[in-house]
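Asks:
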Amino acid sequence: MADSQITIFYSWQSDLPGSDTRNIIQDGIKDAVRLLRDTVDIEADRDTKGEFGTPDIAQTIFSKIDDCDIFIADVSAVCQYETIDKDGNKKIKYMPNPNVMLELGYATHVVGWDRVICVLNSDFGAPENMPFDIASRRLTPFSLKDGKSKGEIKRYIKSVIQDTVENVLEKGKRTKSGFSNLRIGSYNDGVISDSLNPYEISKASLFIKHKEKILEECAVLLEQIKKIGIPNHSELHNVEEENGSSKDVPDIIREDGTVLTSIKNSFKLNLFQRHRVNIKDEDKKAIIDLAKEYLNIDLSCDRDFFDFGNLEAQTELLCGTSYDGTQEEKDKHNKITELEYSLHRVQMMDRYVTTFDGMLFLPLAIENVSTVYDEDVDIHFSVKGNVDIIRPSKKLIKSEMQGLEGLIYKEDIIKELLLMPETADISYDTDISYNINDSLAESQAAFRAQFSGAGINGNPRYNSDDYGREISKYIAIPITDSEFEFSIGSLRAREKKWLGPALLISSLTENFDIEYTIKSKHSDGNLSGVITYTKERK
1 MADSQITIFY SWQSDLPGSD TRNIIQDGIK DAVRLLRDTV DIEADRDTKG
51 EFGTPDIAQT IFSKIDDCDI FIADVSAVCQ YETIDKDGNK KIKYMPNPNV
101 MLELGYATHV VGWDRVICVL NSDFGAPENM PFDIASRRLT PFSLKDGKSK
151 GEIKRYIKSV IQDTVENVLE KGKRTKSGFS NLRIGSYNDG VISDSLNPYE
201 ISKASLFIKH KEKILEECAV LLEQIKKIGI PNHSELHNVE EENGSSKDVP
251 DIIREDGTVL TSIKNSFKLN LFQRHRVNIK DEDKKAIIDL AKEYLNIDLS
301 CDRDFFDFGN LEAQTELLCG TSYDGTQEEK DKHNKITELE YSLHRVQMMD
351 RYVTTFDGML FLPLAIENVS TVYDEDVDIH FSVKGNVDII RPSKKLIKSE
401 MQGLEGLIYK EDIIKELLLM PETADISYDT DISYNINDSL AESQAAFRAQ
451 FSGAGINGNP RYNSDDYGRE ISKYIAIPIT DSEFEFSIGS LRAREKKWLG
501 PALLISSLTE NFDIEYTIKS KHSDGNLSGV ITYTKERK
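If you count by UniProt numbering, then the sequence shown holds residues 1 to 538, one letter each, in order.
Right, dumping it as C-alpha cells:
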C-alpha cells in the first residue's frame, strides 16, 4: 500500500432498516471518497469485501482494522434494556450492535479515538442514552425526524469524514502493527513537538551554574581582601634615585684583560631594581566597575582596598617577578589579582554569549513512539525557507572576542552553553563532547605550553583551532546549503534521544519548515514529517 493512501474501514449493522442507517452512512462515505480522490489516494473497505473463498470473518475484519487509517462505526441503538438504580428508579438504556461494539473497541486500541468516527441515527436512541464509553465521546448523530433530507445528512457525514482525513494527513499516517514509529521535533518538558522552539543559550543551566560559582568565589575573595590588615607603610628609598638614574656603571676589566661593558641605564633594564607595588589605574577601575555590575558592591570609596602596604616587586630575567613584603601584603596582592581575573572571566562569558545574537539554536530530538525496538536509524533534513545555515568554525566568534578563543575553550564555556542536558527521560546516543582528535590536540596544547607562559598572566595553552574543533561538536555541519544528516544507533520503545549537534540558523523570515525523512531497520521505510518554526509576536 502506498504511503499516501488513506483507507477507511466501515463497521455496520443489519439490525435496523438499511434505508435509515447503514445505507445513509455508506453513501456519505462514498461521497467523501469521490470528493477527496483528486487530492489523496483513498478507498473504503468493510467486513470481508475483496476476500475470496470462506475466510475467517473475525480474523479478516481485525486484519483490515489493523491496516485502516480511519474507522467508521454505525453505533445506532439496536436494542434497549431496563435498569434500576440504587434508589429503585427504573431507567431505559440503549445498546448498539454487539459486533460493531467489539470492532469499535479493537479499533480504538489500534487506530486511536482521534481517527474513529461514531455515527448514529438518534431516532433509535439519543447519544446521552448510549453506553458510557460511547456517550462520553464525540458522536456524529443524525435524525430523519427533524426535517432534514437524506441528502443533507449524507453531506454532513461527508464533511465529518473530510475533516478527519485532513487531520490524518496533517498528523501523518499511523504506523501499522509490527513496525516502529519514530518522530522528530523540539524537546520541551518531556514532550517532543513539531513546533520548533529555539533554545535560549544564555539560560543554559551548566553555564549559569558556572557563572554563579565564579561569582560566589569572587564574593568570598572580596571579603577576605577586606579583612587583611595592612599597617601604614613607611617611605621606601628608590634604589634608582639613590644611585642616580642617569649615572653610568663603569666597565669591568677581567684578569685576562677582557672588558665586560655594563648594560647602560638608557635600556631601562636594571635586573636588581625593586619598586613598590601599586595597582594600575585601569585595573583598579575594572575591578570597581565589575564588582558593582556582578556583585552589587561599591568599592569606589574604599581607599584601603587597593593598598598593598610596603610590598615590593623585583623583575628577574629568568625567574619572572618576585615579591618582598609581609605575608599579609603578598596574600592581598594575590587575592586582588585573582579577583580581577575571575571578574574578567565572568565578563568574557557574558560577552561570548552575544556571538549567537540573532541566530536560532535548534537542538532536535527523536522519539520511538511505538512498542517496537528499532536500530540503524538514519535521518535526513531539508530546511525550506528564506534562511541562512550557520556553519561552525573557528571564525564563529565576535571580532572583539578574537584572541580569546583558547581561553574560551579552556573554560569549557562552549560545552556549558551548547550541550543539551541529559536526564532519565532523554540522553545522547553517544558522547558528542569527545572525539578522537581531542587526544592529539591535547598533546599539541601541552607542547605549546612549554614555549609560552601558562597560568593567569601567561598565554593560554589552547588556540583558535581548539575552539573551532570544540564548537563543531555542538553545532551541526550541513551536507549542502540546506540539508543535514544524522544517525542514531538504536531506540528502545518509548525512548527519546537528542539527535546530536544542534542546527544553527539565521532566519530571514518569520517562519520556515524543516522536512525530514527517516529510514531504519524496523520501520516501514516511509516515516517522514515536517517541523515548523513561527516567530513569536511580542
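Even glycine gets a Cβ: it sits at the ideal position worked out from N, Cα and C.
Buried or exposed: I118, going by 16 or more other Cβ atoms within 10 Å of its Cβ?
Replies: Taking the sequence shown and counting its residues from 1, the one referred to as residue 118 is at position 118. The question names Ile, yet the displayed sequence has Cys at residue 118. Under a 10 Å Cβ-count criterion, C118 is classified as buried, with 16 or more other Cβ atoms of the shown protein chains found around its own Cβ.
Asks: Keeping to the same chain, check which residues put their C-beta closer than 6 Å to that of D3; ignore five residues upstream and five downstream.
Replies: Start at 1 with the first residue of the sequence shown, and residue 3 comes out as number 3. The predicted model places D3 with a pLDDT of 49, which falls under 50 and marks its position as unreliable; any figure quoted below should be read in that light. For D3, where only same-chain residues beyond five positions count, the Cβ hits under 6 Å are N526.
Asks: What would DSSP say about L275, mapped onto helix, strand or coil?
Replies: In the sequence shown, the residue the question calls residue 275 occupies position 275. Residue 275 is actually His in this sequence, not Leu. Strand at H275.
Asks: Per DSSP, which residues does I488 bridge with? Please list them.
Replies: Position 488 of the sequence shown, counted from the first residue, corresponds to residue 488. According to DSSP, I488 bridges with V377.
Asks: Out of K497, I531 and R34, which has the shortest C-alpha to C-alpha gap to K154?
Replies: Walking along the sequence shown from the start, residue 154 turns up at place 154. Ranking the options by Cα distance to K154, first place goes to R34.
Asks: Helix, strand or coil for Y428, going by three-state DSSP, please let me know.
Replies: Within the sequence shown, numbered from 1, the residue matching residue 428 stands at position 428. In this structure, Y428 counts as strand in the three-state DSSP scheme.
Asks: In angstroms with no decimal places, state the Cα-to-Cα distance between T83 and K90.
Replies: Mapped onto the sequence shown, residue 83 falls at position 83. Mapped onto the sequence shown, residue 90 falls at position 90. So the alpha carbons of these two residues sit roughly 6 Å apart.
Asks: What is the DSSP secondary structure of N121, counted as helix, strand or coil?
Replies: The residue you call residue 121 lines up with position 121 of the sequence shown. Residue state, collapsed to three classes: strand.
Asks: Starting from the C-beta of F306, find all residues in its chain whose C-beta is less than 6 Å away, skip the five residues before and the five after it, and write them out in chain order.
Replies: To locate residue 306, count along the sequence shown from 1; it is residue 306. Counting only Cβ-Cβ distances below 6 Å, and skipping sequence neighbours, we find I279 and K284.
Asks: Rounded to whole angstroms, how far is the Cβ of V78 from the Cβ of N97, which I believe are closer than 8 Å?
Replies: Within the sequence shown, numbered from 1, the residue matching residue 78 stands at position 78. Within the sequence shown, numbered from 1, the residue matching residue 97 stands at position 97. Yes, V78 and N97 are in contact; Cβ-Cβ is about 5 Å, under 8 Å.
Asks: What does a CB cutoff of less than 7 Å around I29 pick up in its chain, not counting 5 residues either side in sequence?
Replies: One-based indexing of the sequence shown puts residue 29 at position 29. Around I29: I8, Y10, A44, I72 and I161.
Asks: By the DSSP assignment, the alpha helix (DSSP H) with P98 in it spans what residues?
Replies: Translated into positions along the sequence shown, residue 98 becomes position 98. Per DSSP, the continuous alpha helix (DSSP H) segment holding P98 begins and ends at P98 to V110.
Asks: Please look up how many angstroms separate the CB atoms of L504 and F361, rounded, as I've assumed it's under 8 Å.
Replies: The count along the sequence shown starts at 1 and reaches residue 504 at position 504. The count along the sequence shown starts at 1 and reaches residue 361 at position 361. With 8 Å as the limit, L504 and F361 qualify as a contact, their Cβ atoms being about 6 Å apart.
Asks: Leaving out five residues before and five after D466 in sequence, what residues of the same chain have Cβ atoms less than 7 Å from its Cβ?
Replies: What you label residue 466 is simply residue 466 of the sequence shown in a count that begins at 1. Cβ neighbours of D466 beyond the five flanking positions: G406, Y409, A441 and A445.
Asks: Looking only at its own chain, which residues have a Cβ that is under 6 Å from the Cβ of F124, when we skip the five neighbours before and after it?
Replies: As a working mapping, residue 124 is identified with position 124 in the sequence shown. Closer than 6 Å at Cβ, skipping near neighbours: S76 and A77.
Asks: Less than 8 Å between the CB atoms is what I'm expecting for Y341 and H333, so what's the real figure, rounded?
Replies: Here the question's residue 341 lines up with position 341 in the sequence shown. Here the question's residue 333 lines up with position 333 in the sequence shown. Incorrect: roughly 13 Å between the Cβ atoms, too far for contact.
Asks: Quick one: give me the first and last residue of the alpha helix (DSSP H) that Q347 is part of.
Replies: Here the question's residue 347 lines up with position 347 in the sequence shown. Its alpha helix (DSSP H) spans residues Q327 to V353.
Asks: How would you write the range of the alpha helix (DSSP H) that I225 sits in, first residue to last?
Replies: On the sequence shown, position 225 is the one that residue 225 refers to. Per DSSP, I225 belongs to the alpha helix (DSSP H) from S205 to K227.
Asks: Considering G406, what are the terminal residues of the alpha helix (DSSP H) in which it resides?
Replies: To locate residue 406, count along the sequence shown from 1; it is residue 406. First-last of the alpha helix (DSSP H) with G406: E405 to K410.
Asks: Can you give the Cα-Cα distance for D121 and V377, rounded to whole angstroms?
Replies: By one-based count along the sequence shown, residue 121 stands at place 121. By one-based count along the sequence shown, residue 377 stands at place 377. For clarity, residue 121 is Asn in the given sequence; the question names Asp instead. Answer to the nearest angstrom: the Cα atoms are 48 Å apart.
Asks: Quick check for students: name the residue ranges of the alpha helix (DSSP H) that lie wholly in the stretch 121-194, counting only runs of 4 or more.
Replies: 132-135 and 150-171
Asks: For W498, which of N435, M420, S472 and E470 has the nearest alpha-carbon?
Replies: The residue given as residue 498 occupies position 498 in the sequence shown. Comparing alpha-carbon positions, the option among N435, M420, S472 and E470 lying closest to W498 turns out to be M420.
Asks: Would you kindly work out how many angstroms separate the C-alpha atoms of N238 and L343, rounded to a whole number?
Replies: Within the sequence shown, numbered from 1, the residue matching residue 238 stands at position 238. Within the sequence shown, numbered from 1, the residue matching residue 343 stands at position 343. Reliability fails at N238, whose pLDDT of 46 lies under 50, so the model's placement of it is uncertain and the value that follows must be treated cautiously. In a straight line, the C-alpha of N238 is about 33 Å away from that of L343.
Asks: Where does W113 sit, in a helix, a strand or coil, going by DSSP?
Replies: Residue 113 sits at position 113 when you count from the first residue of the sequence shown. Three-state DSSP puts W113 in a helix.
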